[in-house]
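Shown next, in structure tokens, is the structure this report addresses.
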Amino acid sequence: MHTLTAGRGLLFGGDYNPEQWPEPVWAEDVELMRAAGVNLVTVGVFSWARIEPEPGARDFGWLDRVLGLLAEAGIAVDLATPTASPPPWLGHRNPGTLPVDESGHRLWYGARNQFCPSSPVYRERALALVTDLAERYAGHPALALWHVGNEYGQICHCDVSAEAFRAWLRERHGDLAGLNEAWGTTFWSQRYGDWAEVVPPRRAPYLVNPTQKLDWARFCSDALLAHYRAERDVLRARTPGVPVTTNFMGLFKPVDSWRWAPEEDLVSNDWYPDPADPLFPVRAALTHDLTRSLGGGRPWLLLEQAASAVNWRPHNVPKAAGQLRLESLQAVARGADGSCYFQWRASRFGAERFHSAMLPHAGPGTRLHAEVRAHGAELRRLAEVAGQPVPARVALVHDWPSWWAMEEAGRPSDRLGVPDQLLAYYRPLWERGVAVDLVPPSAGLSGYALTVVPNLYLVSDEDAEALTAYVRGGGVLVVGPFSGVADPNGHIRTGRFPAPLRDVLGASGEEWRPAPEDRPVRCAWADGTPFEARTWTELLRAEGAEPVAVFTEGELAGSPAVLRHRAGAGVAWYVATLPHHDALAELTGRALADAGVSGALPGPPPPAVEAVRRGPVLFLLNHGDREARVPLAEPAEDLLTGARVEGAVTLGARAVVALRP
Amino acid sequence: MHTLTAGRGLLFGGDYNPEQWPEPVWAEDVELMRAAGVNLVTVGVFSWARIEPEPGARDFGWLDRVLGLLAEAGIAVDLATPTASPPPWLGHRNPGTLPVDESGHRLWYGARNQFCPSSPVYRERALALVTDLAERYAGHPALALWHVGNEYGQICHCDVSAEAFRAWLRERHGDLAGLNEAWGTTFWSQRYGDWAEVVPPRRAPYLVNPTQKLDWARFCSDALLAHYRAERDVLRARTPGVPVTTNFMGLFKPVDSWRWAPEEDLVSNDWYPDPADPLFPVRAALTHDLTRSLGGGRPWLLLEQAASAVNWRPHNVPKAAGQLRLESLQAVARGADGSCYFQWRASRFGAERFHSAMLPHAGPGTRLHAEVRAHGAELRRLAEVAGQPVPARVALVHDWPSWWAMEEAGRPSDRLGVPDQLLAYYRPLWERGVAVDLVPPSAGLSGYALTVVPNLYLVSDEDAEALTAYVRGGGVLVVGPFSGVADPNGHIRTGRFPAPLRDVLGASGEEWRPAPEDRPVRCAWADGTPFEARTWTELLRAEGAEPVAVFTEGELAGSPAVLRHRAGAGVAWYVATLPHHDALAELTGRALADAGVSGALPGPPPPAVEAVRRGPVLFLLNHGDREARVPLAEPAEDLLTGARVEGAVTLGARAVVALRP
Amino acid sequence: MHTLTAGRGLLFGGDYNPEQWPEPVWAEDVELMRAAGVNLVTVGVFSWARIEPEPGARDFGWLDRVLGLLAEAGIAVDLATPTASPPPWLGHRNPGTLPVDESGHRLWYGARNQFCPSSPVYRERALALVTDLAERYAGHPALALWHVGNEYGQICHCDVSAEAFRAWLRERHGDLAGLNEAWGTTFWSQRYGDWAEVVPPRRAPYLVNPTQKLDWARFCSDALLAHYRAERDVLRARTPGVPVTTNFMGLFKPVDSWRWAPEEDLVSNDWYPDPADPLFPVRAALTHDLTRSLGGGRPWLLLEQAASAVNWRPHNVPKAAGQLRLESLQAVARGADGSCYFQWRASRFGAERFHSAMLPHAGPGTRLHAEVRAHGAELRRLAEVAGQPVPARVALVHDWPSWWAMEEAGRPSDRLGVPDQLLAYYRPLWERGVAVDLVPPSAGLSGYALTVVPNLYLVSDEDAEALTAYVRGGGVLVVGPFSGVADPNGHIRTGRFPAPLRDVLGASGEEWRPAPEDRPVRCAWADGTPFEARTWTELLRAEGAEPVAVFTEGELAGSPAVLRHRAGAGVAWYVATLPHHDALAELTGRALADAGVSGALPGPPPPAVEAVRRGPVLFLLNHGDREARVPLAEPAEDLLTGARVEGAVTLGARAVVALRP
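Protein chains in written order, with full-length UniProt numbering: chain F, 1 to 661; chain U, 1 to 661; chain A, 1 to 661.
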């Protein structure tokens with residue numbers, strides 16, 4: 001990242017698709033970009049058909065001219081391999097490159113992303129193009145970053161994919177005996193006697209084998225990753241100094257980003273919150289923390305966001321005035337070294353013609369473009385923030401395979417979902433201004449005082465042991481319900497649950513009991529203070545732990561709802577229901593106290609105000625519609641305005657300050 | 001139409017499917033028809049398999065006998081080409097004649113309409129049959145009208161259709177460069193390098209190219225139209241004096257009726273409102289006005305309606321007592337020269353066995369059949385109405401391609417829909433008894449004092465110029481939101497919107513801002529009177545226009561919501577939100593005042609009473625459940641009863657009078 | 001059944017799938033089964049792939065050992081033919097054995113049930129396996145019952161199925177003329193000219209021919225039945241003394257159980273109520289009465305139920321404490337000679353890993369397993385109940401073809417459904433403790449004082465005559481709305497409805513009038529007492545019957561809603577709407593009085609208490625959460641506890657007593 005921000009400061013820009021416009025517009029674009037403080041643009045994401053209008057042809061002239069203009073203007077280029085969207089000729093000449101859904105429907109060109117990740121023809125064509133692209137632009141002064149593909153997520157159920165799936169399964173399970181054991185094929189007479197029988201989870205009369213689906217999810221992520229790696233290797237070999245990234249989509253289910261991120265030089269993310277969602281600022285913070293954590297805490301890039309409304313929801317509410325900068329600065333506060341948009345100039349045609357852009361259809365003389373320019377200017381004032389870390393003492397565990405396995409069909413309740421639980425446990429931390437890293441379950445946790453596991457349905461023996469050792473060594477652990485249930489093949493761990501965490505939690509259970517949803521689950525803290533939860537209960541008994549809260553109604557009345565266990569030098573909490581936010585906030589407060597962790601401010605910030613420290617800078621962001629007053633411990637300078645503040649700072653609606661002591 | 005009504009008066013009858021009944025029933029049918037005043041029946045719509053039981057065979061004997069019986073009884077026949085529903089043998093022997101949906105599923109026989117509009121085999125078979133039918137019945141005394149096909153609307157995505165689509169596209173766009181330009185294929189790498197690559201919009205991984213879909217909608221309508229024309233030409237060549245029609249379905253999205261109607265000798269329509277919909281009388285009036293307008297104001301035929309309930313909704317509420325005549329007379333009042341039903345005798349079997357009919361399963365001794373007979377009798381008293389016009393000074397603009405383009409996926413909000421907007425703007429006019437013509441955007445508007453454009457998303461330069469000239473020449477124009485957005489290829493017109501109407505409206509905007517839907521959009525008229533709107537706002541500025549209403553809340557507070565602009569000799573209104581009905585009624589009243597247009601009565605009729613003048617006759621129709629009193633300007637005779645009324649007329653629930661001064 | 005219960009008493013056990021567990025677990029299983037009082041287990045339901053790991057192979061060794069262990073322990077085996085779930089190799093090698101849905105999608109292996117019922121390859125493979133299984137275990141001491149297939153219900157639309165459908169149709173309709181007549185193919189030009197044209201009801205452009213669908217439903221049930229019979233014949237030939245059953249699923253639409261049950265030696269059922277459904281105890285009683293009635297009143301087997309929660313609903317609420325025994329005893333009270341579970345030991349993997357079991361994941365030391373053991377023990381105390389009948393004087397008519405035909409698309413209202421009507425009419429009988437048999441319409445009714453026909457849309461002439469004769473001979477008949485509408489081909493019976501029952505009902509109608517659903521239908525009894533109904537009304541007139549209730553609002557005000565007709569020695573009631581429960585209870589009371597039928601107790605039991613007599617034993621089951629007191633006519637002994645009760649018995653929440661005088 002340093003090579004990117006060095007001399008440039010924070011990065012600001014967007015996707016630039018000059019091929020959609022006549023050449024005379026390009027000069028205007030570059031001029032307007034400069035005026036807006038743009039210093040990085042992503043070029044070429046959807047240019048395959050333009051570069052290779054017929055098989056084997058190459059037309060780079062236009063791209064030479066575009067990159068030339070940008071280089072002249074000092075605007076760096078994030079050059080995309082345009083392999084996310086093959087031209088119609090590929091699907092027409094090689095129908096096998098078109099993906100097939102689980103019902104056997106072929107998906108056609110006319111949109112985008114119509115490729116089978118396992119197609120050798122697609123792969124060969126894509127790599128040939130990437131090779132030529134890399135060779136042509138190696139050493140080009142504009143080239144600052146490689147952008148491989150786009151929002152990877154394609155899935156295909158065709159016979160070629162089936163063959164690739166089988167190869168992947170051989171690698172994982174060794175032989176058919178291993179596969180049959182892992183998939184539990186004695187259930188429902190599913191034993192495979194020949195590798196050729198094994199297929200992706202296709203449309204079937206009833207619920208498909210959950211381990212088949214779990215392995216399929218793993219394979220699909222890995223198949224895309226293999227393609228990413230192949231492109232990256234081509235690029236690295238030809239432009240060794242240029243960093244390589246691909247744009248993630250946050251908590252995007254099909255891609256196990258923990259496996260992908262180490263293969264990147266720089267982690268980047270696309271983020272499109274719904275302004276109509278009242279929790280989107282919290283969701284945004286969680287997503288940014290995930291992105292930063294994927295890169296091991298290093299600065300990252302917000303590579304795509306909307307300047308205002310998107311176009312793909314049924315009803316697309318725009319951003320409020322001031323929200324563009326607020327959201328962008330939130331990313332910066334949480335570790336981004338750049339804030340970019342899809343896209344620079346709003347398209348006149350195509351499926352995204354109503355996606356907002358930095359330069360709207362109505363042109364530069366608009367309120368929206370004025371906000372863009374103002375924000376471009378103020379980002380320059382934050383240059384010193386580039387490269388600074390966001391240190392955290394709290395870890396939030398998230399695991400893709402566990403997510404896949406937990407949300408598989410046929411579970412006790414589909415009202416219990418992984419992203420919801422992540423957000424529920426993250427929200428009270430965010431409200432207190434406590435910095436959080438996301439971690440995979442296999443992470444070393446020694447650097448964290450508190451580790452929160454909202455849900456870890458699937459856990460390996462090693463990871464369960466590591467969590468246990470973490471507590472015994474002094475860590476504080478909070479574990480949410482329906483965790484520790486399954487092994488890495490998704491097989492239930494028998495015995496009282498959560499079997500591999502039973503000792504450290506000092507408690508065990510025998511029944512998951514989804515609660516009727518027409519009324520709340522009533523509980524009380526040990527002192528009798530009542531609280532409410534929903535959807536889920538468990539029949540537990542304490543085995544050393546202290547029941548800090550109990551259910552107070554129905555059959556489970558008196559039975560533990562929350563337990564706290566001193567184990568070794570640490571403390572382990574177990575939460576056996578889905579407490580309403582207030583109760584979860586109370587619980588989080590107690591666990592933070594156990595861990596001795598506090599937030600960015602001496603006390604909790606006012607409602608809707610986000611407080612986060614990046615390096616020496618304290619960011620305060622008011623996501624609310626009302627003014628908020630935040631007391632300050634020491635005098636500081638607001639980098640955004642240069643103003644000196646002391647005692648307290650008052651933030652208007654959607655205001656931000658970046659305070660350096 | 002004159003040839004049809006001359007000597008017959010208003011037409012009354014229904015679909016007659018004698019092939020469903022043993023021959024002895026036919027005589028009873030004809031006897032009952034005579035008793036009910038039936039003078040026109042549609043025969044043969046679903047008789048292909050009966051006439052051609054195996055490929056190439058012809059069995060006309062039964063039809064000879066049916067037509068003979070009807071001719072003897074003096075009942076005219078609307079003879080159908082039975083090509084809407086091919087026999088099973090066609091699909092079985094030629095699977096390529098079966099349609100294929102966008103996912104590639106073949107649609108089988110067993111229902112109806114299972115043909116590919118582009119299939120040459122289907123076309124050849126259909127035209128051979130139509131030729132023989134026309135030759136056999138040319139000159140038959142019963143033959144009064146040709147009914148081509150039935151409710152055209154079939155769509156097919158097969159390879160043959162793809163080839164036909166390509167031919168159509170060549171015609172429209174010339175060469176591939178033209179196609180690529182029109183479709184904006186630089187977006188998402190969709191450039192076509194060979195015509196063979198071009199396919200219908202089939203199932204794809206994500207949003208399909210909107211211009212591809214727009215052209216597909218145009219092609220699908222045209223492909224059916226070509227088939228209609230081919231049949232019509234066969235008929236015209238053999239029975240030159242016999243008029244030809246096909247039954248439309250009102251605001252039916254797949255068929256651009258403005259392009260079809262000129263190809264007909266007579267416009268006819270099928271109309272099946274839901275009695276459970278409180279706005280259905282308004283919807284009916286709008287539909288009838290559309291049908292009349294399609295025929296250039298000439299009398300039209302209500303060719304299908306239900307005597308009571310239909311069978312295809314989940315819950316099919318029947319018509320209330322008196323509603324059969326009320327609905328029929330509404331059509332007559334709005335220009336119909338005939339009111340017919342699907343169908344004469346209720347089927348015992350088949351998918352429509354529960355569709356009500358003129359002669360119910362329970363037989364002639366029923367309340368429903370008594371209503372049918374009474375209505376047949378009273379229609380004779382309205383004979384003088386036949387051929388009379390319904391003059392209107394207000395034009396309501398509706399355009400199929402604009403509808404297709406506006407409701408394409410990926411727009412700012414799918415809560416804004418074309419039929420809803422049409423109805424919203426039509427309703428206050430209907431409530432005031434103001435006569436309205438529907439017009440396509442390319443219509444000459446000089447005859448209209450007021451032109452209302454609820455939505456015209458897609459507009460050509462010529463049409464925009466014509467609207468501008470209309471205002472400058474003294475017309476009054478009302479334009480609803482999200483109009484003037486795109487050109488005929490569906491490309492956004494850049495610059496402040498609505499770009500091509502900006503001058504005439506004296507205002508322009510820069511953002512379409514869908515509003516959160518959990519609360520109303522608050523506005524106020526210039527005098528401070530508040531009103532509410534919903535769903536949609538725009539960020540506008542006046543450029544000469546007077547803001548007659550403003551938004552009063554949130555970021556747009558103070559910004560114009562409704563503007564009025566004196567331009568040349570006329571006035572142009574722009575409405576930038578979706579006002580609730582009361583506010584839209586207020587606005588409509590002001591625009592009518594600008595235009596100097598008033599309704600059929602000196603003042604507005606009482607609630608639920610519809611007032612419309614056809615020729616010299618004033619129809620008053622009470623759609624409500626309560627008695628209503630309408631003051632009259634002059635003494636008159638009620639044609640339906642012969643009664644003389646003076647001063648005022650009192651209408652019971654669902655009552656109608658037809659007053660001739 | 002006697003051979004099964006002789007020496008064993010009531011049967012208790014579950015599905016046992018040892019192939020899912022390593023062999024050492026088996027001994028533990030058997031030990032735990034003995035401790036829990038298990039005396040019957042179903043083995044082998046999903047063992048095809050285990051027994052025949054590759055085509056033609058046989059591995060019976062493991063099964064020998066399992067059956068040996070069970071025989072030693074004195075646990076009887078219900079041995080399954082494992083043909084419900086073929087191994088992957090069958091579908092892989094013979095794709096034609098895989099079923100195809102109505103859209104043409106092939107359904108793959110990976111779940112279960114992936115076979116085409118008409119596939120000759122599947123049939124041949126299945127019968128070969130069944131033959132070998134029967135030969136191997138003929139005479140085995142553990143073998144007590146054969147379990148053919150599993151939950152039959154597969155449907156396939158492939159070309160082979162089409163051929164089989166045609167053969168079935170030839171059998172039913174003779175020739176094509178008969179088919180065309182029966183299907184009413186003159187409607188919509190559907191005439192078939194060649195048998196090869198006839199196909200299953202596949203995806204089509206619009207509503208498919210309803211008689212085609214009715215015959216298809218008949219064929220699908222019969223095709224499965226033929227397969228069942230073929231397996232049964234193999235078994236009977238080899239193990240003549242061993243009874244044969246297959247597990248029904250209660251009111252499962254695809255299988256016409258009246259046609260199946262006579263082919264079984266013993267009727268058994270699977271029953272999975274939703275504990276979140278407040279009416280499930282009533283639904284359960286209805287289902288148990290159906291199962292008993294299918295076997296002509298002989299004892300039956302509850303072969304599958306959940307010990308607590310299932311896994312296949314979106315949100316799976318577990319059973320409350322005590323509910324396991326309550327539900328089991330309810331089945332026993334209603335004629336079951338055994339109560340079994342799916343399954344013995346909870347699976348660790350596969351799609352049903354979260355389906356509860358007799359032995360949970362958490363092991364034997366759990367509350368749930370303790371309930372299982374306690375219940376196993378108490379069942380032994382009811383041994384004398386085995387074989388006892390549940391005599392009933394009320395018949396409730398239910399017919400599968402009528403159900404299929406009534407719920408076909410295109411009917412007046414899809415808010416009128418057969419299972420709902422069955423339950424609505426059953427519920428007041430259940431609440432009064434009145435025993436009910438379910439009967440097909442063709443049943444001899446002479447043994448019943450009251451016959452209730454909630455809906456009999458489709459009725460043959462013979463059945464209508466039998467119902468008429470039943471009343472004239474002294475029976476009391478209650479007929480619900482929309483009955484007597486169609487003949488066995490689903491053709492509407494013309495004339496005033498219900499045409500074939502008009503005489504016996506002394507009333508007739510001319511319009512079915514679905515009512516607006518936003519408000520109730522208001523009615524009143526003859527004495528003016530008002531009541532409410534919903535959804536449905538009919539326009540009727542009395543023709544000898546007494547209108548005991550009338551509609552009181554709208555057009556039908558004053559028109560009959562309920563009629564009562566003395567016909568010969570009996571009484572016939574007709575109900576022309578859907579009365580709310582209270583009104584239907586009132587009506588039921590009157591009809592019971594007409595019939596002189598009373599319940600198991602002198603008066604109605606307290607709310608939520610079910611009262612039913614099996615042989616000499618009076619079962620009282622409290623389904624409520626509150627204590628209930630039931631007065632007793634005579635002193636008795638509670639077989640479950642041995643306690644003597646006199647005067648009255650008090651039942652706690654979910655308590656049961658089994659009282660023998």
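In this text, a Cβ means the ideal position worked out from N, Cα and C, and glycines have one as well.
Is there at least one Cβ from chain A nearer than 8 Å to residue i's Cβ?
i, result
"residue 392/U", "no"
With a CB to CB cut of under 7 Å and the five nearest residues on each side skipped, what residues in its chain are close to residue i?
i, result
"residue 596/F", "449"
"residue 639/F", "381, 382, 617, 658, 660"
For the ligand ZN, I want to know if residue i counts as a neighbour, meaning its beta carbon is within less than 7 Å of at least one of the ligand's heavy atoms.
i, result
"residue 336/U", "No copy of the ligand ZN appears in this structure; indeed no ligand is present at all."
Return the chain-ordered list of same chain residues with a C-beta closer than 6 Å to the C-beta of residue i, the five sequence neighbours on each side being excluded.
i, result
"residue 507/U", "540, 542, 543, 545, 563, 574"
Could you tell me whether any Cβ in chain U is nearer than 8 Å to the Cβ of residue i?
i, result
"residue 456/A", "no"
"residue 513/A", "yes"
"residue 26/F", "no"
Taking the alpha helix (DSSP H) that residue i belongs to, which residues open and close that run?
i, result
"residue 180/F", "176 to 183"
For residue i, decide whether its Cβ has a neighbour in chain F, counting only Cβ atoms nearer than 8 Å.
i, result
"residue 321/A", "yes"
"residue 190/U", "yes"
I'd like to know whether the C-beta atoms of residue i and residue j end up nearer to each other than 8 Å.
i, j, result
"residue 245/U", "residue 145/U", "yes"
I'd like the span of the beta strand (DSSP E) that includes residue i, first residue to last.
i, result
"residue 509/A", "507 to 514"
Inset, instruction - Compile a chain-ordered list of the residues in the stretch 71 to 103 of chain U whose CB is closer than 9 Å to at least one CB of chain A. - result: 82, 84, 85, 86, 87, 88, 89, 91, 92, 93, 99, 101, 103
Inset, instruction - Can you give me, in chain order, the residues of the stretch 274 to 293 of chain A that have a beta carbon less than 9 Å from any beta carbon in chain F? - result: 275, 276
Legend entry - Near-chain U residues of the stretch 397 to 431 of chain A (beta-carbon distance less than 8 Å), N- to C-terminal order: 409, 410, 411, 412, 413, 414, 415
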